[in-house]
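As structure tokens, the structure follows; a few thoughts come after it.
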Amino acid sequence: MPEMQMGPLRLKVMLSPGLRCSILPSCCLKTKLLSSSSSSEFSPWSGLAAWRRSPTNENRFWGPNGPEPLPKSPPRPSSTGIIVGDCDSDYFSMMGSASSLAELGSLVLSTSDPITKSKLSHLAFSRWRNHKLPIGSHAPPSTPARPPKPQLVSPKEIPAPKDSGLPLNAYMLHNLAHVELNAIDLAWDTVVRFSSFSDILGEGFFADFAHVADDESRHFAWCAQRLAELGFKYGDMPAHNLLWRECAKSSNNVAARLAVIPLVQEARGLDAGPRLVQKLIGFGDHKTSNIVDRIAEEEVAHVAVGVYWFVSVCQKMGCTPCSTFKDLLKEYNVELKGPFNYPARDEAGIPRDWL
């Protein structure tokens, strides 16, 4: 990422105006990322470089032995009844003449059908990566397009498992599918919303979050496939809109977005994943438990990306990450909820004193 001096107009998108941080000229920026304390160095996730170098993951089908490439099949109804084929040309035509990552991301955000959104997300990332398209600049939709179902209600109105009409394993899987669908949009919104600041943030920022969106689209595909195998589909029970509301809070600056989404919302997945796996094993659904276990394992990368870029932004602003993180959560009224899975959070690089 290029190191450059930022003028006052650039400050607003980097950190909340309420935070008292100095803007350092490039000659004063440290060569190493700041840590949560001046006496120690920030240690990013050990797998981050390998994750960034990894080829585009085509294992979007959960086979007998785990993830594998999607088998070719004739067109089929999607989760909302729309006929969707597996032929990539069908989706390439939907992408039309989009010539930048921001344009492609806006297209994904504007797509309502979940299965189509998931596939387009993957192909958008692949097109950008394979054709070395520019980041570009594009305005995101005010809210992501959503299908008619599920009905979105407040978290308190989500039915209990016994009242949902779904068995416990499908109930838990539907909730996870909803999280993963939202995660696709959260990542693409970060790419598109801050695309006009690519000169400050650098291409690596957008490459990482487009990669996250691709991972999340694969996770949703696994959940949707398994729901269908159990005789259900996404939309069969109500869901909440909490994740997008949290995302909307941070639409005005990137530091808040990084604090609220990967460092709080996605990190909760690290805490909940092992518990969900054990519940599914107890229910006797080992295939679903294996899917959830793999998703939780891959979420470490997404939290690690958030930590890396949050610390990087703080470095550019001359702020201490630990106090900045806590100040942002207070300013944006975001609560940290335990119990925490400290080993997974440690692996992702979240310093314990941030919590």
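Here the sequence shown stands for residues 1 to 355, numbered as in UniProt numbering. Think of the CB as a built atom: it goes at the ideal place given N, C-alpha and C, for glycine as much as any other residue. Since the structure is predicted, the reported quantities are computational estimates derived from the model, not experimental observations.
Of the choices 45, 184, 317, 355, whose alpha-carbon is the least far from that of residue 220? 184
Report back the beta-carbon spacing between residue 119 and residue 235 to the nearest angstrom; my notes put them in contact at under 8 angstroms. In fact, because the Cβ distance is near 17 angstroms, the residues do not count as touching under 8 angstroms.
Near residue 216, what residues of its chain come up, given a Cβ to Cβ distance below 7 angstroms and the 5 sequence neighbours on each side ignored? 180, 183, 184, 187
Let me check understanding here. Comparing Cα to Cα, which of 245, 250, 126, 43 lies closest to residue 214? 126
Whole angstroms is fine: what's the gap from residue 264's alpha carbon to residue 286's? 28 angstroms
With distances taken Cα to Cα, identify the nearest neighbour of residue 209 among 61, 306, 174. 306
Report buried or exposed for residue 327, applying the criterion of at least 16 other Cβ atoms within 10 angstroms of its Cβ. buried
Within 10 angstroms of the Cβ of residue 233, are there 16 or more other Cβ atoms? Answer buried if so, exposed if not. buried
Using only the alpha-carbon positions, how far apart do residue 329 and residue 117 sit? 30 angstroms
Give me whichever residues DSSP pairs with residue 66 in a beta bridge. 63
Using CA atoms only, rank isn't needed, just tell me which of 353, 290, 337 is closest to residue 320. 353
Take residue 334 as the anchor and find which of 138, 194, 262, 292 has the nearest alpha-carbon. 262
Counting pairs of Cβ atoms below 8 angstroms between the stretch 287-298 and the stretch 57-73, do you hit three or more? yes
Can you check whether the CB of residue 97 is closer than 8 angstroms to the CB of residue 145? no
Once DSSP output is grouped into helix, strand and coil, what is the label at residue 153? strand
For residue 240, the three-state DSSP class (helix, strand or coil): strand
Outcome for residue 349 when other beta-carbon atoms lying within 10 angstroms are tallied against a minimum of 16: buried
Between residue 326 and chain B, is the shortest Cβ-Cβ distance under 8 angstroms, so that the two count as touching? No chain B is part of this structure, which consists of one protein chain only.
Mapping the DSSP letters down to three states, classify residue 3 as helix, strand or coil. In this predicted model, residue 3 has a pLDDT of only 39, less than 50, meaning its place in the structure is not dependable enough to derive any value.
Relative to the alpha-carbon of residue 107, which residue among 162, 178, 203, 137 has its alpha-carbon at the smallest distance? 137
Between the CA atoms of residue 123 and residue 91 - distance to the nearest angstrom: 8 angstroms
Only counting the same chain, and skipping five residues up and downstream in sequence, which positions put a Cβ closer than 7 angstroms to that of residue 81? For residue 81, the pLDDT reaches just 40, beneath the cut-off of 50, and the residue's location in the model is therefore unreliable, leaving the point undetermined.
Neighbourhood of residue 128 by C-beta distance below 7 angstroms, restricted to the same chain and skipping five residues each side: 101, 104, 210
Can you give me the C-alpha to C-alpha distance between residue 84 and residue 224, rounded to a whole angstrom? The predicted model places residue 84 with a pLDDT of 43, which falls under 50 and marks its position as unreliable, so this point remains unresolved.
With a 10 Å radius around its C-beta and 16 neighbouring C-beta atoms as the bar for buried, classify residue 189 as buried or exposed. buried
Where are the beta strand (DSSP E) runs, 3 residues long or more, that stay fully inside the stretch 248-274, in chain order? none
Using the C-alpha atoms, what's the distance from residue 322 back to residue 206? 24 angstroms
Contacts around residue 279, its chain only, beta-carbon distance under 7 angstroms, and the 5 residues preceding and following it disregarded: 172
Residue 51 - DSSP class collapsed to helix/strand/coil: helix
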